[in-house]
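Numbering (numbering that gives the first Met the number 0), first residue to last: 0 to 289.
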Amino acid sequence: MGGLGAGGALAGLGWAYADGGPLVADGKPPRAPAHEGAPLRDLPEVRSREGRPEHTLTVATTRPVVGGRRLHLDTYNGQLPGALLRIRPGDRLRILLRNRMLPSGVPLNALPPLCADKAADGTEHAHSAAGGPLHCAPEAGHQVVDGHTIIQQALATNLHTHGLQVSPSGSADNVFVRLDPLEDHQYAYDIPFDHPAGLHWYHPHHHGSTTHQAWSGLAGPIVVEGDIDHVPEIAGMRERTIVLSMLRLDGNGENPTAVVLPTGGDDPFTTVPAVPTRMVATLNGQLRPK
């Protein structure tokens with residue numbers, strides 16, 4: 000996916016590229032912008048301390064700069080991607096998740112009508128919505144109360160530790176937890192003593208907003224250390240953790256809230272209602288680092 004053609008992907012969003020981008024008047028592609036090719040940066044780390052690593056993740060709308068352009072995305076602690084969590088078998092990992100998201104990237108026409116014209120038996124009514132009885136008003140009201148509208152779903156979140164062999168219930172890796180804006184939740188993960196070493200990741204997993212939030216960059220890596228890290232040849236090597244993020248952006252540098260459907264062409268997805276967007280690939284939150 001790293002070769003997705005990021006040059007062409009960002010061309011429609013105001014960036015210029017040395018390959019795959021728009022052509023200038025003489026038919027030659029423009030030079031790569033100065034913000035490309037910066038050294039790959041290391042991610043901030045949270046390390047195990049006496050077997051009880053703790054971290055706070057605040058989900059909030061921030062303005063990260065990618066490829067020389069300021070975006071409008073939801074991030075963990077203002078970082079794109081989130082911090083690297085480095086843990087060990089036997090640890091008790093505690094993460095306080097705080098939801099401070101606000102509506103963003105929401106085109107007005109993405110809001111469905113509160114009611115459609117239906118007959119009392121639930122079938123479609125022959126008259127227009129303006130002229131027929133509004134039997135579905137109570138149903139629409141229940142959707143708002145239950146938090147099932149598109150906007151409410153997009154602003155709800157939780158946390159999933161993808162790959163960790165931990166409990167899926169209670170305050171551990173429970174994907175059925177729902178945090179609405181201004182709510183907090185304390186997670187506690189007991190890492191088994193025989194947990195294998197490896198690379199994993201964390202991301203939101205609230206059903207109804209997972210894709211939208213992941214395309215905003217909400218993700219981070221988890222490294223479980225093990226015996227292999229004590230092998231001299233391994234311990235003496237430099238370790239680099241690289242996170243490939245696929246951001247979905249409109250012309251304003253936002254991730255629009257809408258129903259996403261698969262399609263063909265350069266952009267593998269489309270939205271209902273239609274909002275012009277592109278997929279943008281970043282490495283550790285950077286555009287084409289070296």
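For each residue, glycine too, the CB sits at the ideal point set by N, CA and C.
Within 6 Å: the Cβ of residue i and any heavy atom of the ligand GDP?
{"i": "Pro-63", "result": "The ligand GDP is absent from the structure shown, which contains no ligand whatsoever."}
Does DSSP put residue i in a helix, in a strand, or in coil?
{"i": "Ile-94", "result": "strand"}
{"i": "Asp-256", "result": "A quick correction: the sequence has Thr, not Asp, at residue 256. Thr-256 falls in the coil class under three-state DSSP."}
{"i": "Leu-107", "result": "In this prediction, Leu-107 has a pLDDT of 41, which is less than 50 and means its spatial position is unreliable; what the coordinates show is noted afterwards. The answer is helix: DSSP assigns Leu-107 an H, G or I state."}
{"i": "Ala-280", "result": "strand"}
{"i": "Glu-232", "result": "helix"}
{"i": "Thr-156", "result": "strand"}
{"i": "Ile-227", "result": "helix"}
{"i": "His-211", "result": "helix"}
{"i": "Met-100", "result": "coil"}
{"i": "Arg-40", "result": "coil"}
{"i": "Ile-221", "result": "strand"}
{"i": "Leu-70", "result": "coil"}
{"i": "Pro-47", "result": "The amino acid at residue 47 is misidentified as Pro; the sequence shows Ser. DSSP places Ser-47 in coil when its eight states are reduced to three."}
{"i": "Glu-343", "result": "No answer is possible for residue 343: the residues shown for the chain start at 0 and end at 289."}
{"i": "Ala-59", "result": "strand"}
Looking at C-alpha atoms only, which residue of the options is the closest neighbour of residue i?
{"i": "Arg-91", "options": "Ala-257, Pro-80, Gly-50", "result": "Gly-50"}
{"i": "Gln-78", "options": "Lys-289, Asn-283, Arg-287, Pro-288", "result": "Asn-283"}
{"i": "Thr-60", "options": "Gly-252, Arg-48, Thr-270, Gly-66", "result": "Gly-252"}
{"i": "Gly-250", "options": "Arg-62, Val-259, Pro-275, Ile-227", "result": "Pro-275"}
{"i": "Val-271", "options": "Asp-228, Trp-214, Pro-261, Ser-170", "result": "Pro-261"}
{"i": "Gln-212", "options": "Gln-152, Leu-286, Leu-42, His-229", "result": "Gln-152"}
{"i": "Ser-168", "options": "Tyr-188, Asn-76, Pro-231, Val-58", "result": "Tyr-188"}
{"i": "Glu-44", "options": "Gly-66, Tyr-186, His-206, Glu-238", "result": "Glu-238"}
{"i": "Pro-195", "options": "Pro-180, Asp-73, Val-165", "result": "Val-165"}
{"i": "Val-58", "options": "Arg-85, Arg-48, Arg-87, Leu-178", "result": "Leu-178"}
{"i": "Gln-285", "options": "Pro-80, His-205, Glu-53", "result": "Pro-80"}
{"i": "Leu-158", "options": "Ala-218, Ile-190, His-71", "result": "Ala-218"}
{"i": "Ala-273", "options": "Ala-257, Pro-267, Gly-263, Phe-192", "result": "Ala-257"}
{"i": "Ile-291", "options": "Thr-281, Gly-263, Thr-269, Gly-235", "result": "Since the first residue of the chain shown is 0 and the last is 289, residue 291 is not available in this structure."}
Give a yes or no on whether the C-beta atoms belonging to residue i and residue j are separated by under 7 Å.
{"i": "Thr-55", "j": "Leu-101", "result": "no"}
{"i": "Asp-172", "j": "Thr-156", "result": "no"}
{"i": "Asp-73", "j": "Ser-215", "result": "yes"}
{"i": "Pro-180", "j": "Asn-98", "result": "yes"}
{"i": "Gly-162", "j": "His-206", "result": "no"}
{"i": "His-184", "j": "Val-174", "result": "no"}
{"i": "Leu-243", "j": "Val-279", "result": "no"}
Could you tell me the distance, in whole angstroms, from the CA atom of residue i to the CA atom of residue j?
{"i": "Tyr-201", "j": "Asp-226", "result": "23 Å"}
{"i": "Thr-209", "j": "Pro-203", "result": "6 Å"}
{"i": "Val-223", "j": "Arg-69", "result": "33 Å"}
{"i": "Leu-246", "j": "Glu-182", "result": "25 Å"}
{"i": "Lys-289", "j": "Pro-255", "result": "30 Å"}
{"i": "Leu-110", "j": "Val-259", "result": "Residue placement at Leu-110 is flagged as unreliable, the pLDDT there being 44, under the threshold of 50; a coordinate-derived value is accordingly withheld."}
{"i": "Ile-86", "j": "Pro-52", "result": "7 Å"}
{"i": "Leu-84", "j": "Pro-220", "result": "6 Å"}
{"i": "Val-64", "j": "Val-230", "result": "39 Å"}
{"i": "Arg-62", "j": "Asn-76", "result": "12 Å"}
{"i": "Glu-232", "j": "His-71", "result": "43 Å"}
{"i": "Thr-269", "j": "Leu-154", "result": "21 Å"}
Handout entry: alpha helix (DSSP H) runs wholly inside the stretch 164 to 200, at least 4 long, in chain order
Key = none
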